[in-house]
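As structure tokens, the structure follows; a few thoughts come after it.
Numbering (this note's numbering), first residue to last: 6 to 346.
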């Protein structure tokens, strides 16, 4: 037992490959030790630490089999050894492992058993919400996250997931409030800033949305969705030059973003800056040769520059990638008529 306390992770692993130490006892002792060491500082950290047990095995099917067999107590009289709190924790870990395997209904059954042992388990309620979210049962997912937050209102991940659930339910005002709660607890949560920006955009609150996207970008400069969303927002507002500047900033950070080259080309085209548009489309195509929209738009740009034969070649390239792309079909047909009246 002294060896177990010193090397609990190793004990869990070897128990699953034939040694006579059961993982139920191992996880129970580890859980007790981890919670006593970390709960007073951060319940969320204790939750994260315990969840890492499953990653040690890297074989969730085997892990579930080990935990299940020991929960059934087929070889040991462990009910005398294992407290109810630890049986609850083992069930939670099994529920997490089932989620890793995308067995969400089975996970919920397991987590419900855990909650029958410990109804105030934030971890079990939270994980139940995750499983229900994957099953797109958003009303029940919201209920589960809400239960977790009543137990621990300082868990920013639960606020974040609750916000996503509210967004799925179309309750946008409450979703924004939930994202704000998550951000207040963790200001570096760039996904919450980004998602908040998306909802604000949907609601037509463009200035606040722009600020939210900028916050996401400041925290994670390589998060391309925030860049694209901010640029699209500016275009929607008719701020074409500012949108162009956003794409240029993104390309300074990462010049391998072929969609940014493409979108930049589109803006240059609308501004009738055809040479810059052509260069942008060529960059997009060099990075993604099967980007048929870029081939088509390159053709349109070449047409605008009076290079009809080269435009025909570009339209043909687009159709080689996607023979059903209607814009390229129309453009190729039209330019053939111009070249061969």
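Ideal Cβ positions, reconstructed from N, Cα and C, are used throughout, including at glycine.
Item                                                                                                                                                                         : Value
Only counting the same chain, and skipping five residues up and downstream in sequence, which positions put a Cβ closer than 7 angstroms to that of residue 163?             : 131, 150, 153 and 154
Among 178, 201 and 110, whose alpha-carbon lies nearest the alpha-carbon of residue 188?                                                                                     : 201
Would you check if the region 112 to 122 and the region 132 to 147 touch, i.e. whether three or more CB-CB distances between them fall below 8 angstroms?                    : yes
Which residues in the same chain have their Cβ closer than 6 angstroms to the Cβ of residue 172, if we skip the five residues on either side of it in sequence?              : 180
Look at the Cβ atom of residue 385, then the Cβ atom of residue 344, and state whether they are nearer than 7 angstroms.                                                     : Because the chain here runs from 6 to 346, residue 385 falls outside it and cannot be looked at.
Between which two residues does the alpha helix (DSSP H) carrying residue 230 extend?                                                                                        : 229 to 241
Here's a check: name, in chain order, each residue in its chain whose Cβ is nearer than 6 angstroms to the Cβ of residue 97, leaving out the five neighbours to either side. : 119, 128 and 129
What would DSSP say about residue 175, mapped onto helix, strand or coil?                                                                                                    : coil
Nearest-angstrom Cα distance between residue 77 and residue 95?                                                                                                              : In this predicted model, residue 77 has a pLDDT of only 45, less than 50, meaning its place in the structure is not dependable; the value taken from the coordinates is given anyway. Straight-line Cα distance between these residues: approximately 12 angstroms.
To the nearest angstrom, how far is the alpha carbon of residue 32 from that of residue 289?                                                                                 : Residue confidence for residue 32 is low, a pLDDT of 38 falling below 50, so the modelled location carries little weight and cannot support an answer.
Less than 7 angstroms between the C-beta atoms of residue 272 and residue 245, yes or no?                                                                                    : yes
Here's the rule: buried if 16 or more other CB atoms are within 10 angstroms of the residue's CB, otherwise exposed. What is residue 107?                                    : exposed
Cutting at 7 angstroms between CB atoms, please list the residues of its own chain near residue 214, excluding the five before and the five after it.                        : 202, 205, 206 and 238
Hey, residue 217 and residue 195: beta-carbon distance below 7 angstroms or not?                                                                                             : no
Measuring alpha carbon to alpha carbon, tell me which residue in 174, 168 and 175 is nearest residue 199.                                                                    : 168
Could you tell me whether the Cβ atoms of residue 224 and residue 193 are closer together than 7 angstroms?                                                                  : yes
Along the chain, where does the alpha helix (DSSP H) containing residue 247 start, and where does it finish?                                                                 : 245 to 258
According to DSSP, is residue 327 part of a helix, a strand, or is it coil?                                                                                                  : coil
Within its chain, find whatever has a CB closer than 6 angstroms to the CB of residue 338; leave out the 5 residues flanking it on each side and keep chain order.           : none
Give the single residue among 141, 311, 282 and 310 whose Cα lies nearest to the Cα of residue 299.                                                                          : 282
Measure the CB-CB distance between residue 286 and residue 270 and report whether it falls below 7 angstroms.                                                                : yes
In chain order, which continuous runs of the beta strand (DSSP E) of length 3 or greater are located wholly inside the region 271 to 297?                                    : none
Please report the straight-line C-alpha distance between residue 91 and residue 126, rounded to a whole angstrom.                                                            : 12 angstroms
Whole angstroms is fine: what's the gap from residue 252's alpha carbon to residue 235's?                                                                                    : 9 angstroms
Rounded to the nearest angstrom, what separates residue 340 and residue 247 at their Cα positions?                                                                           : 34 angstroms
Can you tell me whether residue 93 is buried or exposed, with buried defined as 16 or more other CB within 10 angstroms of its CB?                                           : buried
At 4 residues or longer, what runs of the alpha helix (DSSP H) sit wholly inside the region 121 to 171?                                                                      : 127 to 139 and 143 to 156
Could you tell me the distance, in whole angstroms, from the CA atom of residue 327 to the CA atom of residue 297?                                                           : 7 angstroms
Quick one: give me the first and last residue of the alpha helix (DSSP H) that residue 219 is part of.                                                                       : 211 to 224
How many whole angstroms separate the CB atoms of residue 104 and residue 112, which I take to be in contact at a CB cut-off of 8 angstroms?                                 : 5 angstroms
Looking at the structure shown, is residue 106 part of a helix, part of a strand, or coil, going by DSSP?                                                                    : coil
Hey, out of 232, 230, 177 and 183, whose CA is closest to residue 210's CA?                                                                                                  : 177
Suppose you measure from the CA of residue 267 to the CA of residue 260; what does that come to, to the nearest Å?                                                           : 12 angstroms
In whole angstroms, what separates the C-alpha of residue 59 from that of residue 115?                                                                                       : Caution is warranted here: a pLDDT of 44 is assigned to residue 59, below 50, making its placement in the model unreliable, and the coordinate value is therefore given only provisionally. Going from the Cα of residue 59 to the Cα of residue 115 covers about 15 angstroms.
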